[in-house]
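Notes for the one structure printed next.
Numbering (our numbering), first residue to last: 1 to 140.
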């Protein structure tokens, strides 16, 4: 079983109230994609609208993983959110590029770069709606 050789690990950090960084390690494939989907759904349920997916430790991704990323993108767009891919490995970047996903889902080289992009979009949203900006996560 391929998933057993490189099991998926997902660490979640919440640097801002509406932002979740999911650091993913291992193969993102038919055996593991559902786990990522559950993490995204859980974070969305808890009010996160912007997801930063760090794929720097994902050596392999098949269409199941790609579909979870696209489904997350579609769900977050319904709530004025976003999905960003961070530092995909060359093999994963190739899948994203060949399928056109990288044209739809923004790709950044670092968490800081992705957070800066999220902040710029948040400022644009706030100026359009007059809503205050959410800047940091509540203290735990």
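In this text, a Cβ means the ideal position worked out from N, Cα and C, and glycines have one as well.
Could you tell me the alpha carbon to alpha carbon distance between residue 111 and residue 98, rounded to whole angstroms? Near 24 Å, if we compare the C-alpha coordinates of residue 98 and residue 111.
Could you check what DSSP says for residue 10 in three-state terms: helix, strand or coil? Three-state result, residue 10: strand.
Residue 64 beta carbon less than 7 Å from that of residue 30: Cβ distance < 7 Å, so residue 30 and residue 64 count as in contact.
If you compare alpha carbons, which of 77, 44 and 93 is closest to residue 66? Nearest option by C-alpha distance: 93.
So is residue 47 buried or exposed if we call it buried at 16+ other beta carbons inside 10 Å? Burial is judged here by how many other beta carbons sit within 10 angstroms of a residue's own beta carbon; residue 47 has fewer than 16 and is exposed.
Note down the Cα distance separating residue 80 from residue 71, rounded to an integer number of angstroms. Straight-line spacing of the CA atoms in residue 80 and residue 71 works out to 14 Å.
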